[in-house]
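For what it's worth, this note's numbering labels the leading residue of the sequence shown as 17, then goes sequentially. Virtual Cβ for every residue (Gly too), placed ideally from N, Cα, C. Structure first, commentary second.
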Amino acid sequence: YLPARLLGGDSFDYGWIDDDHLWFHLIDVSGHGIRPALLSVSLHNVLRSGSLSSDPLLAPDKVLAELNLLFQMDQHDDHYFTMWYGIYEASTRTLRYSSAGTPPALAFNSAPGQGVTTTELNTEALPGGLFADTEFTTKSYVVPPGCRILLYSDGAYELGLGDGRLLALSEFIRLCGEVADAPDWSLDELIGRLRDLASSRSF
17 YLPARLLGGD SFDYGWIDDD HLWFHLIDVS GHGIRPALLS VSLHNVLRSG
67 SLSSDPLLAP DKVLAELNLL FQMDQHDDHY FTMWYGIYEA STRTLRYSSA
117 GTPPALAFNS APGQGVTTTE LNTEALPGGL FADTEFTTKS YVVPPGCRIL
167 LYSDGAYELG LGDGRLLALS EFIRLCGEVA DAPDWSLDEL IGRLRDLASS
217 RSF
């Protein structure tokens, strides 16, 4: 986590459902201030408490569908949410994931003599809370040994540059790939590179 100067609606969490399944998610509620922060906490608590009625935690698309129905924006001060939700099954090294309006998670896989390959992990869907009939899908990714996966909010790449424009998502993904090409790269190194790009040196 990097703390924000303004209260917002980003939250991240992970946990083991059982010995074989790890879930993790990133939520970003529209707007800034108390209301989006509280809505983000509410979404977070529904997942943490296991109170989803059909217990769909192993099915990412069902998680998003149920949260979409529970948190329609007309009942929450016109705030919608974007979300990325994944389930990693350790026994098969399979990641099942679904996303709604978020930038793609990035999987970095290094092959000997071939450098790093960046795979974008996302599904096409509108943000949650906009329409009750929004459909969500689940995709799968077999995680190679040594693979590292980056999950981030738009606050990581919406940086003001010296020429007055914002860093584009495609530029952010390319920079992440450059950093991940080093054998022992770290988030600290990536954050440092991003700060160097930002005119204010802050996120």
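Around the Cβ of Asn61, are there at least 16 other Cβ atoms within 10 angstroms (buried) or fewer (exposed)? For the purposes of this step, residue 61 is taken as the residue at position 45 of the sequence shown. Burial call: exposed.
Is it true that the CB of Thr134 sits closer than 8 Å to the CB of Ile189? Numbered from 1 along the sequence shown, position 173 holds the residue referred to as residue 189. Numbered from 1 along the sequence shown, position 118 holds the residue referred to as residue 134. Going by C-beta atoms, Ile189 is nearer than 8 Å to Thr134.
What are the start and end residues of the beta strand (DSSP E) that includes Ala196? Here residue 196 corresponds to residue number 180 of the sequence shown, with the count starting at 1. Premise fails: Ala196 lies in the alpha helix (DSSP H), Leu185 to Ala196, not in any beta strand (DSSP E).
Put Phe24 into one of helix, strand or coil per three-state DSSP. Taking the first residue of the sequence shown as 1, we reach residue 24 at position 8. Checking the displayed sequence, the identity of residue 24 turns out to be Gly instead of Phe. In the structure shown, Gly24 falls within a strand segment according to DSSP collapsed to helix, strand and coil.
Could you tell me the alpha carbon to alpha carbon distance between Ser107 and Leu74, rounded to whole angstroms? For the purposes of this step, residue 107 is taken as the residue at position 91 of the sequence shown. For the purposes of this step, residue 74 is taken as the residue at position 58 of the sequence shown. In a straight line, the C-alpha of Ser107 is about 14 Å away from that of Leu74.
My parser needs the beta strand (DSSP E) runs of 3 or more residues fully inside the region 108–162; what are they? 110–116, 121–127, 131–137 and 155–158
Between the C-alpha atoms of Ser169 and Leu42, what's the straight-line distance to the nearest angstrom? Stepping through the sequence shown from its first residue, residue 169 is reached at position 153. Stepping through the sequence shown from its first residue, residue 42 is reached at position 26. When rounded, the distance between both Cα atoms is 7 Å.
Less than 8 Å between the beta carbons of Leu167 and Phe87, yes or no? Indexing the sequence shown from 1 puts residue 167 at position 151. Indexing the sequence shown from 1 puts residue 87 at position 71. Between Leu167 and Phe87, the CB-CB gap reaches or exceeds 8 Å.
Could you give the distance in angstroms between the alpha-carbon of Gly102 and the alpha-carbon of Pro120? Position 86 of the sequence shown, counted from the start, is the residue given in the question as residue 102. Position 104 of the sequence shown, counted from the start, is the residue given in the question as residue 120. Distance between the alpha carbons of Gly102 and Pro120: 12 Å.
Nearest CA to the CA of Leu210: which residue from Gly193, Asp200 and Pro199? Taking the first residue of the sequence shown as 1, we reach residue 210 at position 194. With distances taken between Cα atoms, Leu210 lies closest to Gly193.
How about Thr139 and Ser114: do their beta carbons lie closer than 8 Å? What you label residue 139 is simply residue 123 of the sequence shown in a count that begins at 1. What you label residue 114 is simply residue 98 of the sequence shown in a count that begins at 1. Yes; because the gap between Cβ atoms is below 8 Å, this pair is in contact.
How big is the Cα-Cα spacing for Gly47 and Gly131? Indexing the sequence shown from 1 puts residue 47 at position 31. Indexing the sequence shown from 1 puts residue 131 at position 115. Rounded to whole angstroms, Gly47 to Gly131 spans 39 Å at the Cα level.
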